[in-house]
Amino acid sequence: MHNVYQQATAQSHRVLHNILVLDLTQALAGPYCTMLLGDMGADVIKIEPPRCGDQSRGWGPPFVDSQSTYFLAVNRNKRSLTLDLKTPEGREILRRLVARADVLVHNMPRLSSQRETGIDVETATTANPRLIYVAITGYGLSGPWAERPGYDMVAQAESGLMSITGEPEGEAMRFGIPLADMTTGIYAALGIVAALLAREHTGRGQVLDLSLLESHTAYLALPASALLNGGEPPRRVGNAHPSIVPYQLFKTRDKYITVAVGTQRLWERFCQVLGIEDTIMRDARFATNAARLQHRAELIPLLQEILLQRDAETWLEAFRAAQIPCGPINSVAEALAHPQLVERGFIVELEHPQLGVLKSLANPVHFSATPVTYRLPPPLLGEHTEAVLRDLGYTQSEIARFRADGVV
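When we follow the numbering used here, the leftmost residue of the sequence shown carries the number 26, and every step to the right adds one.
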């Protein structure tokens, strides 16, 4: 169910009402960014190559009636325009769109390719000095690696995050989702909204340069500070916390749970629930977090032995009663059925022209006055081409010629 913050509102109440976004990106980082903008009310035109479209349309299985669930996940609230930017007519159509647009987002690293298709910085910003020009690439627009292609897996590896993810004696491990892509998309959306606000004061647009490498390395804030300022190299600690003890997974009689004992007061409550306030809690080795961190190898087996004596739900009820943060290890299916997410309307439904009712995850930002809206399902390839071209002033005969010539 939807709550009050998720009800559709008049267009004028959308955060990004009247903002036109040109999305020339493919795969995940860019499409995720522009979907977030679309949720906030922007008019997003997704510009795709004719015939093949966004490469992620072919990523799968799983497919739903030939539609990739990967593509469907991050492309709602967009209109699809097919355009061959290698043709003069295609570039002219793009030029007209750029002249009207507020934001252009692309993920093309090579300058030669940008110039060939008419989306380089100079061409775009000359056509529209108020344009917010956003480049999402693997390594950024400058530096010796600027034109190298980038993918999420490579960014996860090169950022150093994989080196601190996994079990202490195991291999470095990738996150279970394309976290570098999605993080860069979020940073890009944040930057775009800030740049639009700045334009209200300056009257001019600007260039936003985002890389998968920097966006993902930014997650190293805590371990980087420990290394740069404290001389402490980070290491893998598996499902435990590098700086807080106990703060990790524990095995109960029937399954694993997670417990986050983040303060000294929580430690005291935790000990009371386990019935160790007169023993382990009074042990000088475990008296403070610093001491517990130093003696982690001695403490955790003692706690684990106690937690194995009861089932997960019994422990979770006891910890919750004591206001100790805890939770089960949910599967994806269990997470999507979480009563809190259900109550807050976190799964939204849209009517798709080919698939019928299509479900996706809601935008996690709840605005009290300008709520996000879910207006359009992920588009079919070129679904809105004719409507967009008519808006640009092209006649029916011109549109027919574009189709015949493969321009759209």
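Note that CB positions come from ideal geometry on N, CA and C, so glycine has one too. Computed from a predicted structure; not experimentally measured.
Coil, strand or helix - residue i by DSSP
{"i": "G210", "result": "helix"}
{"i": "M26", "result": "Note that M26 scores a pLDDT of 33, beneath 50, so its modelled location is shaky; the value from the coordinates is reported in the next line. Coil, per DSSP."}
{"i": "E183", "result": "helix"}
{"i": "C351", "result": "strand"}
{"i": "E88", "result": "Before going on, a small fix: residue 88 reads as Phe here, not Glu. Here F88 sits in strand by DSSP."}
{"i": "Q379", "result": "coil"}
{"i": "R104", "result": "strand"}
{"i": "L333", "result": "coil"}
{"i": "H363", "result": "coil"}
{"i": "E423", "result": "helix"}
{"i": "I305", "result": "helix"}
{"i": "L233", "result": "strand"}
{"i": "Y57", "result": "helix"}
{"i": "Q23", "result": "Outside the shown range of the chain, which is 26 to 433, sits residue 23, and nothing can be said about it."}
{"i": "D109", "result": "coil"}
{"i": "Y281", "result": "strand"}
{"i": "E114", "result": "helix"}
{"i": "I44", "result": "coil"}
{"i": "L238", "result": "helix"}
{"i": "S356", "result": "coil"}
{"i": "V69", "result": "strand"}
{"i": "Q32", "result": "Note that Q32 scores 43 on pLDDT, short of 50, meaning its location in the model is unreliable and no value can be drawn from it."}
{"i": "S393", "result": "coil"}
{"i": "S93", "result": "strand"}
{"i": "L49", "result": "strand"}
{"i": "L204", "result": "helix"}
{"i": "S385", "result": "strand"}
{"i": "E368", "result": "helix"}
{"i": "V373", "result": "strand"}
{"i": "L341", "result": "helix"}
{"i": "C296", "result": "helix"}
{"i": "R39", "result": "coil"}
{"i": "E408", "result": "coil"}
{"i": "T398", "result": "coil"}
{"i": "E257", "result": "coil"}
{"i": "L417", "result": "coil"}
{"i": "S268", "result": "coil"}
Exposed unless 16 or more other CB atoms sit within 10 angstroms - verdict on residue i
{"i": "K71", "result": "buried"}
{"i": "P113", "result": "exposed"}
{"i": "Q181", "result": "buried"}
{"i": "D206", "result": "buried"}
{"i": "C296", "result": "buried"}
{"i": "S137", "result": "exposed"}
{"i": "N100", "result": "buried"}
{"i": "E408", "result": "buried"}
{"i": "V46", "result": "buried"}
{"i": "V382", "result": "exposed"}
{"i": "C58", "result": "buried"}
{"i": "P248", "result": "buried"}
{"i": "Q4", "result": "Given a span of 26 to 433 for the chain in the structure shown, any question on residue 4 remains unanswerable."}
{"i": "T208", "result": "buried"}
{"i": "S169", "result": "Position check: residue 169 holds Pro in this sequence, whereas Ser was assumed. Exposed, by the Cβ-count rule."}
{"i": "C77", "result": "exposed"}
{"i": "S356", "result": "exposed"}
{"i": "T142", "result": "buried"}
{"i": "D64", "result": "buried"}
{"i": "T420", "result": "exposed"}
{"i": "M26", "result": "In this prediction, M26 scores a pLDDT of 33, lower than 50, which makes its location untrustworthy; no coordinate-derived value is stated."}
{"i": "E73", "result": "buried"}
{"i": "C385", "result": "For clarity, residue 385 is Ser in the given sequence; the question names Cys instead. Under this definition S385 is a buried residue."}
{"i": "P193", "result": "exposed"}
{"i": "H226", "result": "exposed"}
{"i": "I354", "result": "exposed"}
Distance cut-off 6 Å: residue i Cβ against heavy atoms of the ligand PLP
{"i": "P193", "result": "Ligands are entirely absent from the displayed structure, and the ligand PLP is therefore not among its contents."}
Whole-number beta carbon distance between residue j and residue i, since they are thought to touch under 8 Å
{"i": "P403", "j": "L97", "result": "5 Å"}
{"i": "P378", "j": "L414", "result": "Between L414 and P378 the Cβ distance is about 19 Å, and since that is not below 8 Å, they are no contact."}
{"i": "A337", "j": "K280", "result": "5 Å"}
{"i": "N132", "j": "Q51", "result": "7 Å"}
{"i": "L333", "j": "R278", "result": "6 Å"}
{"i": "T150", "j": "G230", "result": "7 Å"}
{"i": "A251", "j": "P259", "result": "6 Å"}
{"i": "D234", "j": "L166", "result": "5 Å"}
{"i": "A54", "j": "L237", "result": "7 Å"}
{"i": "P134", "j": "P174", "result": "6 Å"}
{"i": "V40", "j": "F392", "result": "7 Å"}
{"i": "D79", "j": "G431", "result": "Incorrect: roughly 18 Å between the Cβ atoms, too far for contact."}
{"i": "I44", "j": "L221", "result": "7 Å"}
Minimum Cβ-Cβ distance from residue i to chain D less than 7 Å
{"i": "R426", "result": "Absent here is chain D; the protein component of the structure consists of one chain."}
* Give a yes or no on contact between the segment 74-88 and the segment 364-379, applying the rule of three or more CB pairs nearer than 8 Å. => The segment 74-88 vs the segment 364-379: no contact.
* Is the number of C-beta pairs between the segment 261-272 and the segment 285-294 that are closer than 8 Å three or more? -> Counting Cβ pairs under 8 Å, three or more are found: they touch.
* Asked: Which parts of the segment 123-201 are runs of the alpha helix (DSSP H), unbroken and 4 residues or longer, counting only runs that do not cross its ends?
  -> Those alpha helix (DSSP H) runs which fall completely within the segment 123-201 and span 4+ residues are 136-142, 146-152 and 177-183.
* Could you tell me whether the segment 147-155 touches the segment 182-196, where touching means 3 or more Cβ pairs closer than 8 Å? => Between the segment 147-155 and the segment 182-196 there are fewer than three C-beta pairs closer than 8 Å, too few to call the two in contact.
* Pairing CB atoms from the segment 302-319 with CB atoms from the segment 349-365, are three or more of them under 8 Å? -> By the Cβ test, the segment 302-319 is not in contact with the segment 349-365, since fewer than three Cβ pairs between them sit closer than 8 Å.
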